[in-house]
Amino acid sequence: MDEADTQDNDVRGWTLDHDQFRGVLADLIEQVRALRADDADAAEALSRWWRSFSGAVRHHFRAEDEGIWPTLTRHAPGIGPTLEDLSAQHRRIESELSGVDRRFDALPTVVTTAGLAADRADLLVALTQVQAAILDHLALEEREAVPVLATRVPPPECRRIERNMVKGLSLREVADLLPRILAFADDAERATMLARLPPPVRLLNRLLFTPRYHRTRATLPLGKRT
Ligand SMILES: [Fe+2]
15 MDEADTQDND
25 VRGWTLDHDQ
35 FRGVLADLIE
45 QVRALRADDA
55 DAAEALSRWW
65 RSFSGAVRHH
75 FRAEDEGIWP
85 TLTRHAPGIG
95 PTLEDLSAQH
105 RRIESELSGV
115 DRRFDALPTV
125 VTTAGLAADR
135 ADLLVALTQV
145 QAAILDHLAL
155 EEREAVPVLA
165 TRVPPPECRR
175 IERNMVKGLS
185 LREVADLLPR
195 ILAFADDAER
205 ATMLARLPPP
215 VRLLNRLLFT
225 PRYHRTRATL
235 PLGKRT
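Under my numbering, the first residue of the sequence shown is numbered 15, with each subsequent residue one higher.
Below you can see the structure in the form of structure tokens.
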């Protein structure tokens with residue numbers, strides 16, 4: 015075994031996706047608080063932003079259930095019950111996400127009505143609940159499952175898993191997701207992640223996806239903040 019084989023797998027791509035969940039959820043709560051009555055454009059932008067995010071969370075859960083968990087179980091059979099718990103949490107969180115989806119869908123209409131205060135309060139409760147469920151879930155996953163991928167799965171399989179995480183995403187979804195994830199990486203991590211992407215995707219990210227990400231952020235209630 016050469017020295018490279020004794021290194022843990024680099025699983026930062028996976029945990030960076032988790033950091034994105036934590037960061038976007040915290041930001042969303044501030045965005046909802048900052049939404050001004052009658053600002054239908056910002057409400058519409060915020061609603062679309064949420065839909066993109068909740069879709070990405072569902073995709074991530076599916077990739078874990080269908081792609082990562084079977085591999086972890088093969089290399090560490092004892093983790094099976096924990097992975098079943100994590101998948102059960104995925105189902106519960108998905109149902110909470112659907113409730114929040116409906117509230118964000120209604121926001122562009124509600125924002126121009128006297129019902130905004132009550133609906134905003136309900137939305138913030140639902141959003142805070144789903145945030146708490148996701149934070150607990152990620153903590154368990156990072157404590158129990160991530161180390162198994164880092165230390166027990168052969169490197170070629172780990173690289174295949176990382177590639178498969180983006181399978182099934184449309185170009186539009188990649189355009190939304192890639193700059194949003196990279197926003198939570200430090201400079202060195204961002205360079206590492208970008209170096210793993212095919213050159214055409216890197217180019218698209220620089221010329222189209224990232225500028226579009228910043229333009230979209232500017233239309234949210236908190237405006238220019240990134
Ligand atoms: Fe995860």
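C-beta atoms are modelled at their ideal positions from N, C-alpha and C, and glycine is treated no differently.
Query, Result
"Complete runs of the alpha helix (DSSP H) confined to the segment 165-191 [at least 4 residues]", "169-178"
"Those residues, in chain order, that have a beta-carbon closer than 6 Å to some heavy atom of ligand 1", "His32, His74, Glu78, Glu155"
"Exposure label - Thr126; buried when at least 16 CB within 10 Å", "exposed"
"Spatial distance of Asp22 from Asn219 (CA atoms)", "29 Å"
"Beta carbon of Phe6 nearer than 7 Å to that of Ser66", "What the structure shows of the chain is the stretch from 15 to 240, and residue 6 is not part of that stretch, so it cannot be assessed."
"CB contact below 7 Å: Thr96 versus chain D", "The structure shown contains no chain D; it holds only a single protein chain."
"Whole-angstrom distance between Ala189 and Ala202, CA atom to CA atom", "21 Å"
"Rounded straight-line distance, which links the Cα of Arg36 to that of Leu149", "7 Å"
"Neighbourhood of Phe75 by C-beta distance below 7 Å, restricted to the same chain and skipping five residues each side", "His104, Glu108"
"Anticipated Cβ contact below 8 Å, Ser68 with Leu100, distance rounded", "Between Leu100 and Ser68 the Cβ distance is about 18 Å, and since that is not below 8 Å, they are no contact."
"Residue environment, Ala131, which counts as buried when at least 16 other CB atoms sit within 10 Å", "exposed"
"Inter-stretch contact at 8 Å, needing at least 3 Cβ pairs: the segment 77-85 / the segment 171-188", "yes"
"Host alpha helix (DSSP H) of Arg229 (start-end)", "224-232"
"Where the alpha helix (DSSP H) containing Gln45 begins and where it ends", "26-48"
"Whole-angstrom C-beta distance between Arg106 and Ala147, which should lie under 8 Å", "7 Å"
"Asp201 (DSSP reduced to helix, strand or coil)", "helix"
"DSSP state of Pro235 mapped onto helix, strand, coil", "coil"
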